[in-house]
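Numbering (our numbering), first residue to last: 1433 to 1582. In this text, a Cβ means the ideal position worked out from N, Cα and C, and glycines have one as well. A quick write-up on the structure given underneath.
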């Protein structure tokens, strides 16, 4: 009697196919990871802008409407992320095109955010003495600038 014995196990083609599929999955994860991290840093920078704006509002409320200097604002700004290296109080002239620096949040007194025309530059328009604009630079969108009004 001729009995065929069938061995148990995987063929080399099945093993190579599984390894190729696993390799594609890892490749997709490693390609998507930097974009995800960039998006998270941008979210943190936007939160930092909100924290700085809240600090300016708190300072002006506590000091009869006086606008803070950089040193005075430092004690009112809490919980900024590691993505923000410094917070500055700048001056804005008439209709300036502000180009923010990476990792720096800048507050401009008597200014209101304009419409972003060129990537990386925010035009500020003149505002009242109580208005201010807070500006920072984002990573995504071609290094777009982000501006928040008071």
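Among all the DSSP beta bridges, which residues are the ones paired with residue i?
| i | result |
| --- | --- |
| residue 1540 | 1522 and 1565 |
| residue 1556 | 1545 |
| residue 1467 | According to DSSP, residue 1467 bridges with nothing at all. |
| residue 1580 | 1566 |
For residue i, does the three-state DSSP call read helix, strand or coil?
| i | result |
| --- | --- |
| residue 1530 | strand |
| residue 1508 | coil |
| residue 1495 | coil |
| residue 1513 | coil |
| residue 1462 | helix |
| residue 1382 | The structure shown does not extend to residue 1382, since the chain spans only 1433 to 1582, so no value can be given for it. |
| residue 1535 | coil |
| residue 1478 | helix |
| residue 1455 | helix |
| residue 1489 | helix |
| residue 1502 | helix |
I think residue i touches residue j, with their Cβ atoms under 8 Å apart; what is that distance to the nearest whole Å?
| i | j | result |
| --- | --- | --- |
| residue 1518 | residue 1536 | 5 Å |
| residue 1568 | residue 1481 | 5 Å |
| residue 1474 | residue 1582 | Not confirmed; about 22 Å, so no contact. |
| residue 1559 | residue 1543 | 5 Å |
| residue 1522 | residue 1508 | Rounded, the Cβ-Cβ distance is 17 Å, inconsistent with contact. |
| residue 1476 | residue 1580 | Not a contact, Cβ separation roughly 14 Å. |
Would you kindly work out how many angstroms separate the C-alpha atoms of residue i and residue j, rounded to a whole number?
| i | j | result |
| --- | --- | --- |
| residue 1547 | residue 1554 | 7 Å |
| residue 1488 | residue 1454 | 51 Å |
| residue 1532 | residue 1457 | 38 Å |
| residue 1529 | residue 1449 | 56 Å |
| residue 1491 | residue 1452 | 59 Å |
| residue 1444 | residue 1466 | 34 Å |
| residue 1502 | residue 1483 | 14 Å |
| residue 1470 | residue 1504 | 31 Å |
| residue 1538 | residue 1520 | 5 Å |
Within 8 Å (strictly less), CB to CB, does residue i reach chain B?
| i | result |
| --- | --- |
| residue 1554 | Of the chains in the structure shown, none is chain B; there is only one protein chain. |
Can you confirm whether the stretch 1561-1568 touches the stretch 1452-1468 when touching is taken to mean that 3 or more C-beta pairs between the two stretches lie within less than 8 Å?
Verdict: no, contact absent.
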